[in-house]
Each structure stands twice: as C-alpha cells, then as structure tokens.
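Notes to accompany the following structure.
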Amino acid sequence: MLDENGYRYNVGIIIINDRKQVFWAKRNGKDAWQFPQGGIKKGESVELAMYRELKEETGIGNADVEILGRTKTWHYYDVPKNLIKKENRSFYKGQRQIWFLLRFNGLDTNITFPQSKESEFDAWKWIEFFEAPNMVIHFKKQVYCSALLELAPVVFESSKLEDIKIRLSL
Numbered sequence: 490m491l492d493e494n495g496y497r498y499n500v501g502i503i504i505i506n507d508r509k510q511v512f513w514a515k516r517n518g519k520d521a522w523q524f525p526q527g528g529i530k531k532g533e534s535v536e537l538a539m540y541r542e543l544k545e546e547t548g549i550g551n552a553d554v555e556i557l558g559r560t561k562t563w564h565y566y567d568v569p570k571n572l573i574k575k576e577n578r579s580f581y582k583g584q585r586q587i588w589f590l591l592r593f594n595g596l597d598t599n600i601t602f603p604q605s606k607e608s609e610f611d612a613w614k615w616i617e618f619f620e621a622p623n624m625v626i627h628f629k630k631q632v633y634c635s636a637l638l639e640l641a642p643v644v645f646e647s648s649k650l651e652d653i654k655i656r657l658s659l
C-alpha cells in the first residue's frame, strides 16, 4: 500500500532484551543486516501489522514481547533507484515507517526463521543499542538513527541519554 508520494506504509521493529541489546537479523542469502520490518496491508492497523511481521519474520509471538513504545510520527527513507525493480520505478520511492520498541520476554530458542527461499532472514544476533545505524545499509542509516533516538528515553535513564545521542549522531 503506497501513499500519494510513492512511499510504502511500513512498520519497523526494534526488539530489546534485558541487557538492553537489540535484535539484529541477517537478510537471507546476503551480507546485509537490519531490524525486522514489513508492509502494512490495506485495512490493517500499524500494531496488527507489527505483530504479523514479527511472527512471519522471526517466529516471535505476541506472548514473547511487550510494547514499550512507538514513534509518534512516520519516518521516511528513499530507496536508491538502482535497487527498485524497473516496473516500479515510476511510482515507488521508498518506505514510510512507524517504529515499535518491544521488550523480548521469551527464550532465544523461540526465535526461528521459516526454512524457505522466501524467508526474510537466515541468522540473527544481539547487538548494542547504538550500533545498528553504523551496520545497516547506507540509505537506512538516518531513519535508524531517528527511530532509535526517539525511542531511547523509554529504555535508558536520562543520565545515559546524552551518551546515546552522541553514539547515534551522524
């Protein structure tokens, strides 16, 4: 589902563990890592889309997570034209995302990927909260920084926020 400017409605998912590390997933068959994310279907709420994408991409069910926060506004990024399929270039521009911050209360063994070529991811690990923007593909870096900065106060005490801001600054 696209908006009038060519941005696909999407949810981004940041999953945090009790050590304040975030879930980081490797794209299937590629040397590219990212947070889980996915499109919002017509008539679907952002929260329902988040839970659906979470289960589809990671195997994590609703009972294993708690919503700690979400971004107040949409965050956008443009996809470089050379990465957009030719048939979509005339109307698709990028992603329009609401980001969720989830606390993971389950066991690491609950994290599973479907065993198929269509699987979004094929590996995962926990990384430090502020590391993701420096490890994601370049065109997603700014949106990762802005989403993490907006959601950091939910996780960290105010005395640590300045350090987090410095580590996330571009």
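Take the sequence shown: its position 78, counted from the start at 1, is 567 in my numbering, and no numbers get skipped.
The beta-carbon is built from N, C-alpha and C at its ideal position, and this holds for glycine as well.
For clarity, every value in this text was computed on a predicted model and none was experimentally measured.
Three-way DSSP call (helix, strand, coil) for Tyr633 in this model: Counting from 1 along the sequence shown, the entry for residue 633 is found at position 144. DSSP places Tyr633 in helix when its eight states are reduced to three.
Residue interval of the beta strand (DSSP E) (run including Arg508): Here residue 508 corresponds to residue number 19 of the sequence shown, with the count starting at 1. For Arg508, there is no enclosing beta strand (DSSP E), as DSSP gives it neither H nor E.
Continuous alpha helix (DSSP H) stretch holding Ile653: start and end: Start at 1 with the first residue of the sequence shown, and residue 653 comes out as number 164. Counted as a single uninterrupted DSSP element, the alpha helix (DSSP H) harbouring Ile653 occupies residues Ser647 to Leu657.
C-alpha gap between Lys575 and Leu650, whole angstroms: In the sequence shown, residue 575 corresponds to position 86, counting from 1. In the sequence shown, residue 650 corresponds to position 161, counting from 1. Looking at the backbone, the Cα of Lys575 and that of Leu650 are separated by about 43 angstroms.
Cross-strand partners of Gln687 (DSSP beta bridge): Nothing about residue 687 can be reported from this structure: the residues present for the chain run from 490 to 659 only.
Bridge-paired residues (DSSP) for Phe589: Along the sequence shown, one-based indexing puts residue 589 at 100. Secondary-structure assignment with DSSP links Phe589 through a beta bridge to Ile502 and Arg559.
Glu536 (DSSP reduced to helix, strand or coil): For this step, residue 536 is matched to residue 47 along the sequence shown. When secondary structure is reduced to three states using DSSP, Glu536 falls in the helix class.
Proximity to Leu491 [Cα-Cα], best of Ile573, Lys582, Gly558 and Asp507: By 1-based counting over the sequence shown, the position of residue 491 is 2. Nearest of Ile573, Lys582, Gly558 and Asp507 to Leu491, Cα basis: Lys582.
At least 3 beta-carbon pairs within less than 8 angstroms: the segment 608 to 615 vs the segment 505 to 519: Counting C-beta pairs closer than 8 angstroms gives three or more between the segment 608 to 615 and the segment 505 to 519, which meets the contact rule.
Nonlocal neighbours in the same chain, by C-beta distance under 8 angstroms from Arg508, ignoring five residues either side: Position 19 of the sequence shown, counted from the start, is the residue given in the question as residue 508. Hits under 8 angstroms: Trp615.
Contacts around Ile505, its chain only, beta-carbon distance under 8 angstroms, and the 5 residues preceding and following it disregarded: Residue mapping note: residue 505 aligns to position 16 of the sequence shown, counting from 1. Once the five neighbours on either side are set aside, the close Cβ partners of Ile505 are Val511, Phe512, Leu557, Leu590, Leu591, Arg592, Phe593, Phe618 and Val644.
Integer Cβ distance of Tyr498 from Gly528, believed to fall under 8 angstroms: Sequence index remark: in the sequence shown, residue 498 carries index 9 (1-based). Sequence index remark: in the sequence shown, residue 528 carries index 39 (1-based). Yes, Tyr498 and Gly528 are in contact; Cβ-Cβ is about 7 angstroms, under 8 angstroms.
Host alpha helix (DSSP H) of Ala621 (start-end): On the sequence shown, residue 621 is found 132 positions in, with the first residue counted as 1. It spans Ala621 to Met624 - the alpha helix (DSSP H) in which Ala621 sits, taken as one unbroken run.
Leu637, buried or exposed, once every other Cβ within 10 Å from all chains shown has been counted against 16: Residue 637 sits at position 148 when you count from the first residue of the sequence shown. Flag for Leu637 reads buried.
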